[in-house]
Amino acid sequence: MRSQTVQDSLKPKPEQPSKFKFKVPKGAPQIAALILVLLINSLVSDGFFSIHIQDGRLFGSVIDILNRCAPVALLTLGMTLVIATGGIDLSVGAVMAISGATMASLAAQEYSIPVVILVSLAAGLACGLWNGFLVAVFKIQPIVATLILMVAGRGIAQLITEGQIITFNNDALAWLGSGSFLYFPTPVVITLLCTLFIWMLTKKTALGLFIESVGINIRAAKNAGVNTPVIVISTYMLSGLMAAIAGIIVAADIRGADANNAGLWLEMDAILAVVIGGTALMGGRFHLFLALVGALIIQGVNTGILLSGYQPQWNLIVKALVVLVVLVLQSSTVLNSLKRGKS
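So the sequence shown is residues -12 to 330, counted in the working numbering.
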């Protein structure tokens, strides 16, 4: 008995977990990156953080970042949900062009404002339904299914505008893109309302849980009774709706529609914002507000490059490098090596 006690005492005791183990708060890297970008911008531009009121509206570089970020932020809201299901939507820029062309065409023909807005939104929903149907029903790979509309969407927008830049003169519609509400630019207010809508839809209903379950394991979700085709189609329709709203804002801002350039390459910004926000491209748990922080980081970088005097073409190079770094960090090789290092 005594020898057994001695043997037990000689056994190495399990290591006690450290009571002071530091854990990085959720969202801290994204917030820190945004602050760093803003601080760098303040170094290259005097009075970067200064804000003043003129004609009942806030003005300043920070307000300008928020305003210019609105279209990408709207695309990011929808893209987050799509990526969370394990999909991707490359067509959001083209959907913006279709919605903006629809709005400008109807406004030029002097249709009523409710008709113009509702038909433009319906165009975005129809595009999302098309993408979702191809992915959920015909089982086409999301990148291929949305690539079809990404290419064809520009042609559809050009057919709507008959290959011309359509302009309109409607102050009420123009207010959506260049007006203000409670001192803030209208696009910022619209983006906040859409964020609240998506947040309530995903956090106050079961939709958010269903989206994550589909992204984690679609077969298990289906076996658990989740109507996976409906969930997938719903996310693409919401993405189309957000793209339509972004298209309306852009068209209202310039009082017209340019089918060739509206929303061009913005799908890249939206995808990058989602990934920066911590949502894995493989699907699963999504982070709505952190994705919006990612959108602000991207716009902050764009603004910083312009304020520094560099050519706008540098934006594409910087974004490509950021995408490369993020994808490498999310690769299985890096993740497995990090796990081995921790063990």
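Using N, Cα and C, we set each Cβ at its ideal position, and we do this for glycine too.
Whole-angstrom C-beta distance between residue j and residue i, which should lie under 8 Å
{"i": "Ile153", "j": "Ser92", "result": "6 Å"}
{"i": "Ala341", "j": "Pro174", "result": "For residue 341 there is no data in the structure shown, the boundaries of the chain being -12 and 330."}
{"i": "Gly281", "j": "Ala71", "result": "Between Ala71 and Gly281 the Cβ distance is about 14 Å, and since that is not below 8 Å, they are no contact."}
{"i": "Gly202", "j": "Gly115", "result": "Rounded, the Cβ-Cβ distance is 18 Å, inconsistent with contact."}
{"i": "Ile232", "j": "Leu105", "result": "Actually they are not in contact, since the Cβ atoms of Ile232 and Leu105 sit about 12 Å apart, beyond 8 Å."}
{"i": "Ala84", "j": "Ala144", "result": "4 Å"}
Distance, residue j Cα to residue i Cα
{"i": "Leu160", "j": "Ala239", "result": "6 Å"}
{"i": "Val309", "j": "Val262", "result": "10 Å"}
{"i": "Val31", "j": "Glu254", "result": "28 Å"}
{"i": "Ile304", "j": "Lys191", "result": "39 Å"}
{"i": "Gly195", "j": "Ile218", "result": "10 Å"}
{"i": "Asn28", "j": "Phe276", "result": "23 Å"}
{"i": "Val(-7)", "j": "Gly264", "result": "Residue placement at Val(-7) cannot be trusted, given a pLDDT of 41 that sits under 50; what the coordinates show is reported in the next sentence. The alpha-carbon atoms of Val(-7) and Gly264 are separated by roughly 54 Å."}
{"i": "Ala307", "j": "Ser99", "result": "42 Å"}
{"i": "Asn210", "j": "Thr189", "result": "21 Å"}
{"i": "Ala19", "j": "Thr148", "result": "44 Å"}
{"i": "Ala109", "j": "Ser86", "result": "9 Å"}
{"i": "Ala88", "j": "Ala208", "result": "39 Å"}
{"i": "Leu294", "j": "Gln300", "result": "14 Å"}
{"i": "Thr133", "j": "Trp252", "result": "14 Å"}
{"i": "Ile130", "j": "Asn323", "result": "26 Å"}
{"i": "Phe273", "j": "Leu112", "result": "22 Å"}
{"i": "Leu225", "j": "Leu136", "result": "16 Å"}
{"i": "Thr67", "j": "Asn118", "result": "16 Å"}
{"i": "Leu77", "j": "Leu64", "result": "14 Å"}
{"i": "Met(-12)", "j": "Arg327", "result": "A caution first: Met(-12) carries a pLDDT of 46, below 50, which makes its placement in the model unreliable, though a value can still be read off. About 41 Å."}
{"i": "Ser107", "j": "Ile177", "result": "16 Å"}
{"i": "Glu199", "j": "Leu26", "result": "35 Å"}
{"i": "Asp33", "j": "Val122", "result": "49 Å"}
{"i": "Gly296", "j": "Val237", "result": "25 Å"}
{"i": "Gly142", "j": "Ile50", "result": "34 Å"}
{"i": "Ser165", "j": "Gly47", "result": "15 Å"}
{"i": "Ile127", "j": "Phe168", "result": "43 Å"}
{"i": "Gln17", "j": "Trp186", "result": "19 Å"}
{"i": "Val321", "j": "Ala260", "result": "21 Å"}
DSSP state of residue i mapped onto helix, strand, coil
{"i": "Pro216", "result": "helix"}
{"i": "Leu(-3)", "result": "Residue placement at Leu(-3) is poorly supported in this model, since its pLDDT is 44, which falls under 50; the coordinates still yield a value, given next. DSSP places Leu(-3) in helix when its eight states are reduced to three."}
{"i": "Arg141", "result": "helix"}
{"i": "Ile52", "result": "helix"}
{"i": "Arg272", "result": "coil"}
{"i": "Phe360", "result": "Because residue 360 is not part of the residues shown, which for the chain are -12 to 330, the question remains open."}
{"i": "Leu179", "result": "helix"}
{"i": "Thr222", "result": "helix"}
{"i": "Glu199", "result": "helix"}
{"i": "Met32", "result": "Rather than Met, the amino acid found at residue 32 in this sequence is Ser. Residue state, collapsed to three classes: coil."}
{"i": "Asn210", "result": "helix"}
{"i": "Asn364", "result": "Limits of the chain in this structure are -12 at one end and 330 at the other, which puts residue 364 out of reach."}
{"i": "Ser306", "result": "Per the sequence presented here, residue 306 reads as Lys, with Ser not at that position. Helix, per DSSP."}
{"i": "Thr72", "result": "coil"}
{"i": "Lys190", "result": "helix"}
{"i": "Trp252", "result": "coil"}
{"i": "Ala282", "result": "helix"}
{"i": "Val262", "result": "helix"}
7 Å CB neighbourhood of residue i in its chain, flanking five on each side removed
{"i": "Phe120", "result": "Ile220"}
{"i": "Val102", "result": "Leu93"}
{"i": "Phe171", "result": "Leu45"}
{"i": "Asp245", "result": "Ile152"}
{"i": "Ser(-4)", "result": "Legend: pLDDT at Ser(-4) = 46, less than 50; position of this residue unreliable, value from coordinates given subsequently. Closer than 7 Å at the Cβ level, and outside the excluded window around Ser(-4), lies no residue."}
Residues bridged to residue i (per DSSP)
{"i": "Gly243", "result": "Thr154"}
{"i": "Phe171", "result": "Phe168"}
{"i": "Phe120", "result": "Partner(s): none; Phe120 has no beta bridge."}
{"i": "Ile40", "result": "Leu45"}
Same chain, Cβ closer than 8 Å to residue i, neighbours up to 5 away in sequence not counted
{"i": "Asn156", "result": "Arg242"}
{"i": "Arg55", "result": "Gln286, Asn289, Thr290"}
Neighbourhood of residue i by C-beta distance below 6 Å, restricted to the same chain and skipping five residues each side
{"i": "Gly14", "result": "Leu277"}
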